[in-house]
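Have a look at the structure below before the remarks.
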Amino acid sequence: MRKIVWIIPEGRIKKGTCFNMDLKFDNRQNKKKQELELSNSWIITYSDMITIMLCFFIVFFIIADNESHSLQQMKVLLSAQVENLQEENLQLKEERNELARKIFGIENLNGQQPSREGFLAFLEERDLMDQVEILQNERGLMIRFKDSVLFPSGSADVSDQGLELLEEIGRKLVDINNPVIIEGYTDNVPIQTARYPSNWELSTARATTVARYLIYELKLPEERLSVAGFGEQNPIDSNETYDGRANNRRIEITVLTQ
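Under this note's numbering, the first residue of the sequence shown is numbered 159, with each subsequent residue one higher.
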């Protein structure tokens, strides 16, 4: 701040007396300067807010990009896992068939080869075409029964109609020396009873019941038979519809080819 010194003539004020006075215009200039600084302070606050928002959007973009990348990686991994499981399932089926052939000594069997045409003619002759389906696949000849043909709902006790059908089919199997695999399947509707805690027990019990009938009633050699229960696994139709669930509840008897 600037200062000015006034010298007062002698006689009025003591000789040599000085007065220091601050100029008022200096105070006005300082006040204007302070007001200017205050009026510009909002720019600093606004720029800080813009910087913070920019940082937020950058972080948000990075997180979103990482999540999208992670989801894509997860999708690829899951697809690979599904393919691996399908390959392993196919390999297990092949190993199971090979094991059955070794156990039953199929290489030394000289029985006749089962043919789909022969079985179809047999079923047509006995008017059984609407109760049984005959399929030929890489494993051999498959005879597929819907569970309603053989069993009451939720039971592994063969119905009277089912016993008659098993007798007709079983007598045809007696003439063939090939090993036989009996497999039981259910739909995906849960079951929980004292006798069958789950679909695994029900499907296995049904396959075992069929095997016992073939062994004890029709005298099919026990060493030729094997039994498996798969529960709701390996469906052949959709479990979302009534007809689809009915198709999935089934017994499959497969005569392995030599």
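Every residue gets a Cβ at the ideal spot worked out from N, C-alpha and C, and that includes glycine.
For residue i, the residue or residues it bridges with in DSSP
i: Val385; result: Ile340
i: Leu324; result: Bridge partners of Leu324: none, in fact.
i: Ile411; result: Ile301 and Ile340
Where the beta strand (DSSP E) containing residue i begins and where it ends
i: Arg302; result: Gly298 to Lys304
i: Leu293; result: Val290 to Gln294
Assumed close pair residue i, residue j - CB separation to whole angstroms, cut-off 8 Å
i: Ile340; j: Ala314; result: Contact flag wrong, Cβ pair sits at about 13 Å.
i: Arg302; j: Arg370; result: 20 Å between Cβ atoms; not a contact.
i: Gly298; j: Thr412; result: 5 Å
i: Leu378; j: Val332; result: 6 Å
i: Arg274; j: Gln294; result: 4 Å
i: Leu281; j: Val338; result: That belief does not hold up - the Cβ atoms of Leu281 and Val338 are roughly 17 Å apart, past 8 Å.
i: Lys330; j: Ala404; result: With a Cβ gap of about 25 Å, Lys330 and Ala404 do not count as contacting.
i: Val316; j: Thr362; result: Not really, about 15 Å apart at Cβ, beyond 8 Å.
i: Gly335; j: Leu414; result: The amino acid occupying residue 335 in the given sequence is Asn; Gly does not appear at that position. Rounded, the Cβ-Cβ distance is 11 Å, inconsistent with contact.
Endpoints, alpha helix (DSSP H) assigned at residue i
i: Leu124; result: Residue numbering for the chain in the displayed model covers 159 to 416; residue 124 lies beyond these limits and cannot be assessed.
i: Gly312; result: Run containing Gly312: none; DSSP gives neither H nor E here.
i: Asn406; result: Tyr400 to Asn406
i: Glu282; result: Arg274 to Glu283
For residue i, the three-state DSSP class (helix, strand or coil)
i: Glu245; result: helix
i: Leu378; result: coil
i: Glu307; result: Looking at the sequence itself, residue 307 is Val, so the reference to Glu does not match. In the structure shown, Val307 sits in a helix (DSSP, three-state: H, G or I).
i: Arg353; result: coil
i: Met211; result: helix
i: Leu286; result: coil
i: Ile334; result: coil
i: Ile216; result: helix
i: Gln319; result: helix
i: Asn397; result: coil
Pair every Cβ in the segment 326-343 with every Cβ in the segment 281-299, then say whether three or more of these pairs are closer than 8 Å.
At 8 Å Cβ cutoff, the stretches touch.
Quick check: the segment 342-350 against the segment 389-397, are there 3 or more CB pairs under 8 Å?
In the pairwise beta carbon analysis, the segment 342-350 is classified as touching the segment 389-397: at least three pairs are separated by under 8 Å.
With three or more C-beta pairs closer than 8 Å as the rule, is the segment 398-408 touching the segment 351-359?
Touching, no.
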